[in-house]
Every structure is written in C-alpha cells, then in structure tokens.
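See below for the structure under consideration.
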Amino acid sequence: MANDATYDIGKRTIDRIKSASSVHEIDTRKSCERWLCEELSRAFTAVEPVFHLVKGGLLHAQITRETGDLDITFARKMSESELLRDLHQMAPLLAAKGIEIAKIGDMQNLIINGDGGMRFPITAMVGGTRINTHIDVTGGMRHLPAKMKDENGHARKVQKSFGSVFFKGQQPLEAFYQPFEAQAADKLATVVLRPDTTRWKDFDDLSRLYEMGLNRTRIAVEMAHKLSYMYKTARDVLLALPEVPATMSFDYAREKAAHWQMWQQRNGRTTSTDFEVIACDSRNLYFDVRKVLVDSYQPVRKPKVERKPTISEVKEAFGGSDSNVIQLGRYRDPATLAFNPKF
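Heads up: the sequence shown begins at 956 in our numbering, then just goes up one per residue.
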C-alpha cells in the first residue's frame, strides 16, 4: 500500500488531470491512463539499458487523439522475465510520482506486423484512483523505423524529442518517438493485411496522418522495410498489396464506422464522425503509397549467359553443315586471288 507522501502526490496529480480533462472536454479516464503510460515509459528508460521507441497514440496530443495504453518497441527482442524485472525495479521511481503498481497481469502473446509481441495488463493506484492500462511490447529491427538501421544492419539511436502536455505541471516525455511516416506504414499494413484486427480507429488514424501531408515516398520506404521481413521479394510485397483491398471498400469501412458509433452511444460520447471523409482519406493514402511502391519496382532480370557455339554452328560458319572439309578457296579475294582468311 502506498505511503502518505505517495498518496498525496498522486492525489494532486489526479486532481490536475481531472480539471484539465474537463476544460479540454476529453475523457478523464483516458487522460489518467495516458499519464500513467508516459511515466512507465520514462521509468523503462531509467532502468533498462536497451533503448525503446515510443509508438501508437502517444505520438499525438491527447486533446486531439485520446489514448490510454503504451506501445513500445525495444532495439532487440526482450524476454518476459526481463520486462517483469524492469517493472519491479521501477517501483521507487513511480512512487516518487505518486504511482503504486497494484497488479501486473499475466503476459498475453500478440502477433504484431507478422511477429510475436507481448501485452502486460497493468493496474496502478494513484491517490486513491485505480488506473487500468496495458503495455504492448515488441523488439528487433523489423519493428524499428528504416532510418534507425545502420550500414551494418544494427539498431542505432536517433535524436530524442519531447512529447505533448495537456495539464498544468505535466513533465513532457522525452523519448525516442516513432516517425509519423513509420506509423502510417504500420497502420496501412494492419488494415490491409490484418482485417480481423482492423477497427474504425485505424481508419480515423489514417485520415489524421493523411491530413498531415506526410511524404509518401518515406511512408513507402517504411512499408517496404516492414514487409521485407514478411515477404521474400519486392514482387511478393506488391502481390500482398492489391489495388483495392477488401478492407478499403466503402462497405467494410461503413461497417466499422457503425460499430464505432454504437460504442460512442454506449459510453455517452458525442464525437461526430464524417464517414465519407475519413474513408476517402484512408483510401487515398493507401493508393498514393502503393503507387510509389509500384513505380519503384524493378523486376529482377536474369543475367545473360554466354554459351559456346555448337559443332553444327561452326560447320555452318566455316564449311557448311553438309561437309567436314573447310574449302579454303572460299576465302580468296575474287580480284587478286590472294588468300584472305576470315578466321
């Protein structure tokens, strides 16, 4: 159980989060989860030598794109025991922020971008408020951006940056953040290749990324980088990206939008959704990126192998195919009758 100092620190933070959420008209529960996730990421940086990259909703401001979970990728594959060790070692750091980890749930196996991942449910107590969230963890080069791969194929760090804030006194999270182009590639791959896990939120995210005017070539580079671990050749990558995927049909997107609206009604949310705009933005982004990949595709051509002439070809060239005798008279100059061989 948290001591009085930890409780008081947590209570003051929760009060500020509640006040800011009311002003910004955002979900207080999600805001608390977002803050907890940022502190977990900060603590991972402090206790774990292997650096990690922040992905998912934490790339965006909470007031424009609400999120409540932590999605991170380490520079290498991490084991369950390593992550549990880190979560226990960070307890004093979290306590200084008013956070007490009450429960770490059983690890759940995930499939992310064709590779294995882990999910850890987390329950924390902060100033008498219970906060539930989860951490999705992946590791290795296939989950890192293409630009974080050095000439030897190893992971290299890029410059850290600061995240956004949404309540008074909040310390911005300084971390390695996934580039938006890489996030767009992740989302496109998820929607096209994993229709069983696609949600309306994925289309909404794609629309937001489309409106940011991201460089299509950079998105295509990131997408090719990720899919190269799933498919052997560039041709296989293109075959996996049909001109109009089933998940990019308006009927499919409309169905997901209906599910989203029902969820909003059940949870008392009133956010309006322009289905046509979001669906068109998602499709246009996919079409643009796919066109870059198609235009840059260069089929592998087999090198021309020189072969030695056959006996019949030699006969044809020097003596005729009907004779084994070379007629030297054929090689005399007609005017001077001088011998002028051509071989």
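Beta carbons are placed, not taken as given, at the ideal position from N, Cα and C, and that holds for glycine. Everything numeric in this text was worked out from a predicted model, so none of it was measured.
Secondary structure of Ser1116 (DSSP, three-state): strand. DSSP places Glu980 outside both helix and strand once states are collapsed to three, so it counts as coil. Counting along the chain, the unbroken beta strand (DSSP E) around Lys1058 starts and ends at 1055-1059. In the structure shown, Phe1205 adopts helical secondary structure according to DSSP, grouped into three states. Pairwise C-beta distances place the segment 1001-1016 out of contact with the segment 963-979, as fewer than three of them are shorter than 8 Å.
Spatial neighbours of Val1192 in its own chain (CB-CB distance under 6 Å, excluding positions within 5 residues in sequence) are listed in chain order as Leu1182, Tyr1186.
Taken atom to atom, the span from the alpha-carbon of Gly1095 to that of Gly1071 is near 10 Å.
Gly1053 places its beta carbon less than 7 Å from that of Gly1082. Counting only runs of 4 or more residues that sit fully inside the segment 1163-1206, the alpha helix (DSSP H) segments are 1171-1182, 1189-1194, in chain order. Check the Cα spacing between Gln1216 and each of Trp1155, Gln1253, Ser1036, Ala1046: the tightest is with Trp1155.
Using a 10 angstroms sphere on the CB of Glu1035, the tally of other CB atoms stays under 16, which defines it as exposed. Counting only residues of its own chain and dropping the five nearest sequence neighbours on each side, Ala1293 has a CB closer than 7 Å to the CB of Arg1287.
A straight-line Cα-Cα distance of about 44 Å links Tyr1165 and Lys1259.
Between Leu1025 and Ala1079, the C-beta gap is not smaller than 7 Å, which leaves the two residues out of contact. Looking at the DSSP output, Val1009 bridges to Ile1027, Tyr1132. Ranked by Cα distance from Ala998, the options Glu980, Asp1061, Ile1090 are led by Ile1090. Residue nearest to Pro1100 within the set Glu980, Ala1189, Asp1141, Arg1074 is Asp1141 (criterion: CA-CA distance). Contact between Gln1138 and Leu1008 does not hold, since the beta-carbon distance rounds to 11 Å and is not under 8 Å. A straight line joining the alpha-carbon of Phe1122 with that of Phe1242 spans about 38 Å.
In the DSSP assignment, Arg1074 falls within the unbroken beta strand (DSSP E) covering 1070-1081. Distance from the CA atom of Phe1117 to the CA atom of Arg1221, rounded to whole angstroms, is 35 Å. According to the DSSP secondary-structure assignment, Thr1088 is paired through a beta bridge with Ile1077. Per DSSP, reduced to three states, the secondary structure at Arg971 is helical. The DSSP-derived three-state label of Leu1240 is helix.
DSSP places Leu1065 in the uninterrupted beta strand (DSSP E) bounded by 1063-1067.
In the structure shown, Arg1256 falls within a coil segment according to DSSP collapsed to helix, strand and coil.
Around the beta carbon of Gly1124, a 10 Å sphere encloses fewer than 16 other beta carbons of the protein chains shown; the residue is thus reported as exposed. In its chain, beyond the 5 residues on either side, Thr1022, Ser1119, Arg1163 have a beta carbon closer than 8 Å to the beta carbon of His1015. For His1043, the enclosing alpha helix (DSSP H) has its first and last residue at 1035-1044. Contact check between the segment 1244-1256 and the segment 1167-1180: three or more CB pairs, one atom from each, fall below 8 Å, which counts as touching.
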